[in-house]
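So the sequence shown is numbered by the numbering used here: it starts at 693 and just counts up by one.
Glycine included, C-beta positions come from ideal geometry on N, C-alpha and C.
Keep in mind that this is a model prediction, so the values were computed, not measured.
Report on the following structure.
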Amino acid sequence: MNKQPFKTIPYERTSYSPIEARARAEEHFEMMDVRRSVRHFSPAAVPRDLIEFAIKTASTAPSGAHMQPWTFVAISDLTIKKKIRIAAEKEEFTSYEGGRMKEEWLRDLAPLGTTWEKPFLETVPWIVVLMAQRRGVNPDGSNKKHYYVQESVGIAAGMFIEALHHIGLSTLTHTPSPMGFLQEILHRPKNEVPYILFPIGFAADNCEVPDLKRKTLDQVSVWFE
Ligand code: IYR
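Written out as structure tokens, the structure reads:
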């Protein structure tokens with residue numbers, strides 16, 4: 693059997709005392725517990741380097757066979773944002789008003805107050821479309837296998853949301869459905885499919901969010917000790 697080269701480097705572990713770890717855990721929870729999905733954004737500009745940092749942070753996510761099967765498409769161009777709004781609202785109108793979303797779904801969404809209208813797609817300073825690479829492409833153009841793509845991209849999406857929140861930016865995991873129009877507007881290759889569209893900006897000064905409660909620790913965990 694051929695032995696593959698397997699190079700290692702020392703892992704530099706960050707160490708905290710038990711007291712420090714507890715304080716950090718609590719502080720981090722409190723920071724994340726105030727995060728909310730936002731649908732009302734300020735038009736205030738967001739510097740490109742903040743978006744770059746969030747993408748770099750998300751791209752530290754673990755992935756199947758370390759293939760990092762994601763592409764972050766960052767858009768501040770107004771013409772493209774307008775095109776995205778028009779195409780997304782067309783699909784959403786069919787979903788909400790044209791019967792594509794059934795009654796139960798509409799009832800479940802009622803507490804969120806969502807409609808087919810997505811004005812934020814045009815007013816936000818940035819839209820980032822996260823694309824999942826169903827397969828990769830070798831330098832010679834042949835296919836490269838990717839593994840656990842949904843899981844890998846989902847983890848990167850979560851880390852992206854956290855990175856944005858950490859620096860005071862807000863976003864929304866927007867999934868206009870179907871999302872095929874993004875492929876065309878953004879000229880993405882066939883091996884990529886849109887995963888989530890993130891409108892990104894500062895929450896508007898008068899931003900209101902639904903009064904949601906989170907499940908308790910008991911409701912979301914089971915323990916064997
Ligand atoms: N894509 C629609 C509908 C929608 C679906 C779910 I599930 C949500 O949690 C929120 C909205 C929209 O973006 O309005």
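- For residue 788, the enclosing alpha helix (DSSP H) starts and ends at 770-789.
- A distance criterion of 8 Å places the beta-carbon of residue 784 in contact range of the ligand IYR, judged by its closest non-hydrogen atom.
- Residue 874 sits in a helix when the DSSP states are folded into three classes.
- By the Cβ-count criterion, residue 842 is exposed, with fewer than 16 other Cβ atoms from all chains shown falling within 10 Å of its own Cβ.
- As for any beta strand (DSSP E) of minimum length 3 sitting wholly inside the stretch 851-906, the runs are 884-893, ordered along the chain.
- For residue 801, the shortest separation between its Cβ and any heavy atom of the ligand IYR lies below 8 Å.
- In this model, residue 825 and residue 865 are separated by some 18 Å (Cα to Cα).
- Going by DSSP, residue 823 is part of the beta strand (DSSP E) stretching over 818-825.
- Your pair residue 724 and residue 857 checks out as a contact, with CB atoms roughly 7 Å apart and the cut at 8 Å.
- In this structure, the straight-line span from the alpha carbon of residue 736 to that of residue 832 is close to 43 Å.
- Taking each of 909, 900, 877, 881 in turn and checking the Cα distance to residue 767, the smallest one comes out for 877.
- Contact between the stretch 866-873 and the stretch 883-899 is present, with at least three C-beta pairs closer than 8 Å.
- Cβ-Cβ distances below 6 Å link residue 757 to 839 in the same chain, with the five nearest sequence neighbours on each side left out; the list follows chain order.
- The three-state secondary structure of residue 721, taken from DSSP, is helix.
- A distance below 9 Å separates the beta carbons of residue 762 and residue 844.
- Going by DSSP, residue 836 is part of no alpha helix (DSSP H) but of the beta strand (DSSP E) stretching over 835-837.
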